[in-house]
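Beneath this line is the structure, given in structure tokens, with notes to follow.
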Amino acid sequence: MIKKPFFGLKKPELKYCLESFPFEDIPASREAILFLKKLNGKSEEKLLKVGDNVKTGQKIKAFPDSPEYVISPVTGKISSIFPYTDALGQAYEGIKIESDRNDDWDDQFTGEATLETAIDFLEFAPGKFSFRKFSDVTKKVDTIIINGMDVDLGITVNQEIVRTNSSRIKEGIDFLKKITGVSNFIIAVPENLSKEANRTGATVKTVSATFPDALPEMIIKNTLGKVVPAGQKPEDIGVAVISAESTAAVGEAFATGKVPVIKALSVVGKNGKVINVKARIGTPIGDILSKYNVAPEENDRIILGGPMMGTATYSKDLPIEPNTEAITVQSESDSAQVSDYPCISCGECVRICPVRIPVNFLCRFAEFGFYEDAERYDLNSCIECGLCAYVCTARRPLLQYIKLAKHELELIKLSEAVNE
Ligand code: SF4
Ligand code: SF4
1 MIKKPFFGLK KPELKYCLES FPFEDIPASR EAILFLKKLN GKSEEKLLKV GDNVKTGQKI
61 KAFPDSPEYV ISPVTGKISS IFPYTDALGQ AYEGIKIESD RNDDWDDQFT GEATLETAID
121 FLEFAPGKFS FRKFSDVTKK VDTIIINGMD VDLGITVNQE IVRTNSSRIK EGIDFLKKIT
181 GVSNFIIAVP ENLSKEANRT GATVKTVSAT FPDALPEMII KNTLGKVVPA GQKPEDIGVA
241 VISAESTAAV GEAFATGKVP VIKALSVVGK NGKVINVKAR IGTPIGDILS KYNVAPEEND
301 RIILGGPMMG TATYSKDLPI EPNTEAITVQ SESDSAQVSD YPCISCGECV RICPVRIPVN
361 FLCRFAEFGF YEDAERYDLN SCIECGLCAY VCTARRPLLQ YIKLAKHELE LIKLSEAVNE
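This note's numbering applies: residue 1 is where the sequence shown begins, and numbers increase by one.
Right under this line is the structure:
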């Protein structure tokens, strides 16, 4: 379990977990919860109502003029529709589905392997990879990197998929070649998984086991020698990074003709014990924790994701989403406590930052809502690894300031685009 030192006298070296934890299957819960993003300024006319029946694999849209959709992970009836706002203030339509516990598969998804089909049905598949980047003619992706590592500490999902399901990844690569036209595939794995990765047919590159080397920007830099410029995305330099889980999901979807609805994730308990599970997308996290007798107590922290980059949540009713890599439970004594103390200019955050950002200055602006000034201090170069917050002497919530500033700037830019 990670403990944060009060004084960062030595640069900490945090290691990824490389152990194998076989997946355990969790049966469908009695309900599934899904969140559909609302678009600012768009029509509020709704397509859904309580009592509607849905099938497993069915595409669900809430608003007629929105590109956003979710895929029902169960067969059942919509029992509730409610507003939900996430930690950054993004509004969603929450949809609760009461499950029949029997799957009646929807047949809208034909399984025809085209880019259009992937955009239409697989944006909500496990891993939540967006295929829309391949339809942008101004960005020519020529290399796809499959990330066989897990980006945060304690998580072993993608590694376990490489270890146990290289044949599905290979199928996924074959379909990705067909639908994107890209022929150059690299798979990035830790040294111990080179043999399994070789079976996928992609060029194998090994990744160090030191955090944050498994983050997409670091993998691109270390395998291709390319740097993603500030404010740009990997596809702007011709690269797409997709997780091993998403690649396997593409293989499964087009090979079986069914949209995958099962998410793999690591459950990390307070004692640091890891259990890898497979559960339906939409399963309440409380159902998973209670199955393994993981009982958070008052002041314990439930984190969606890993300890460095995850988001603490207040409710066990929140669901597993397509991009939920882990549920990490930390006791109060193991949790990094944050404060609103001012920065003491010790420079620890700047020294640890892998992309050399002046984090101390950036966060002084972000804290008080001067987001455009924060942008001038390399906000957009941040890869959100969380190392600065991990070493901050004053225990300032630096990563939260950074995420908030990025989100607010995005909203400002969106609203400027709408008003143009
Ligand atoms: S989260 Fe902090 S340490 Fe990591 S890249 Fe961003 S500013 Fe640097
Ligand atoms: S933000 Fe934290 S780590 Fe960075 S200079 Fe200030 S007190 Fe030190």
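Where a beta carbon is used, it is the ideal one built from N, C-alpha and C, also for glycine.
Keep in mind it's a predicted model, so treat the numbers as computed, not measured.
Can you tell me whether residue i is buried or exposed? The criterion is at least 16 other CB atoms within 10 Å of its CB, across all chains shown.
i: Y377; result: buried
i: Q330; result: buried
i: L9; result: Note on L9: pLDDT 43, under 50, position unreliable in the model; the coordinate value appears next. It counts as exposed.
i: K425; result: Residue coverage of the chain in this structure runs from 1 to 420, which leaves residue 425 outside it and unanswerable.
i: G369; result: exposed
i: P27; result: exposed
i: Q159; result: buried
i: P260; result: buried
i: F7; result: With a pLDDT of 39 at F7, under the threshold of 50, the modelled position of that residue is not reliable, and the figure given next carries that caveat. By the 10 Å Cβ count, F7 comes out exposed.
i: N102; result: exposed
i: T85; result: exposed
i: L36; result: buried
i: S99; result: buried
i: S195; result: Rather than Ser, the amino acid found at residue 195 in this sequence is Lys. Exposed: under 16 other Cβ atoms inside 10 Å.
i: K406; result: buried
i: G272; result: exposed
i: P342; result: exposed
i: G51; result: exposed
i: L423; result: Residue 423 cannot be examined here, being either before or after the span of the chain that is shown, 1 to 420.
Thinking just about the alpha-carbon of each residue, which of the options is nearest to the one in residue i?
i: G57; options: L176, E24, E123; result: E123
i: N165; options: F23, S331, F370; result: F23
i: G251; options: Y314, F175, R396; result: F175
i: G310; options: D25, D300, L399, D287; result: L399
i: N222; options: P342, S72, I187; result: I187
i: V182; options: P190, E191, V189, G172; result: G172
i: G127; options: D104, V151, A113; result: V151
i: D300; options: C353, K316, A244, I288; result: K316
i: T114; options: S29, G257, A197, S167; result: G257
i: R351; options: R163, A389, D287; result: A389
i: P83; options: D107, K38, V54; result: K38
i: E321; options: L304, E332, H407, F254; result: L304
i: R364; options: L387, A394, P354, C385; result: A394
i: S72; options: G89, D86, W105; result: W105
i: S381; options: V355, E367, L404; result: V355
i: D213; options: N198, E235, V189; result: V189
i: G154; options: A374, K61, V267, N360; result: V267
i: E235; options: K55, I220, S246; result: I220
i: E298; options: Y314, T117, T200, K170; result: Y314
i: E408; options: K49, S29, G89; result: G89
i: M308; options: T328, F254, L289, N323; result: T328
i: Y401; options: V391, A417, E416, A374; result: A374
Pull up the distance between the alpha-carbon of residue i and that of residue j, whole angstroms please.
i: I357; j: Y371; result: 15 Å
i: K15; j: P216; result: 17 Å
i: L265; j: G306; result: 11 Å
i: I262; j: S20; result: 20 Å
i: I2; j: L411; result: With a pLDDT of 37 at I2, under the threshold of 50, the predicted position of this residue should be treated as unreliable, though the coordinate-derived value follows. Between I2 and L411, the C-alpha separation is close to 34 Å.
i: K133; j: K139; result: 8 Å
i: I95; j: D334; result: 34 Å
i: P397; j: V141; result: 36 Å
i: L362; j: E112; result: 47 Å
i: A326; j: L18; result: 15 Å
i: S208; j: K77; result: 47 Å
i: L120; j: P64; result: In the sequence on display, residue 120 carries Asp and not Leu. Cα to Cα, D120 sits roughly 14 Å from P64.
i: A202; j: G238; result: 17 Å
i: E32; j: G347; result: The residue asked about is misnamed: residue 32 is Ala in this sequence, not Glu. Their Cα atoms are separated by approximately 46 Å.
i: A366; j: T210; result: 29 Å
i: I285; j: N276; result: 14 Å
i: S29; j: I97; result: 10 Å
i: S130; j: A87; result: 22 Å
i: S79; j: A248; result: 32 Å
i: K177; j: Q108; result: 23 Å
Determine the extent of the alpha helix (DSSP H) in which residue i is found, giving its start and end residues.
i: G286; result: 285-291
i: P27; result: Note, P27: premise wrong, no alpha helix (DSSP H); not H, not E.
i: R163; result: 157-164
i: N222; result: 216-224
i: E252; result: 244-256
i: I119; result: 115-121
i: D373; result: 371-376
i: C388; result: 387-391
i: E367; result: 359-367
Go to residue i, then tell me how far its beta strand (DSSP E) extends in each direction, as first and last residue.
i: K429; result: Examination of residue 429 is not possible in this model, given that the chain is present from 1 through 420 alone.
i: R280; result: 274-280
i: V267; result: 262-268
i: Y92; result: 91-99
i: N147; result: 143-147
i: Y84; result: 76-85
Against chain D, with Cβ distances strictly below 8 Å, would residue i count as a contact?
i: C17; result: The structure shown contains no chain D; it holds only a single protein chain.
Along the chain, which unbroken stretches of the alpha helix (DSSP H) at least 4 residues long are found entirely within the region 161-209?
166-180, 194-198
Restricting to runs no shorter than 3 residues, where is the beta strand (DSSP E) found entirely within the region 298-350?
As for any beta strand (DSSP E) of minimum length 3 sitting wholly inside the region 298-350, the runs are 301-304, 311-313, 326-330, ordered along the chain.
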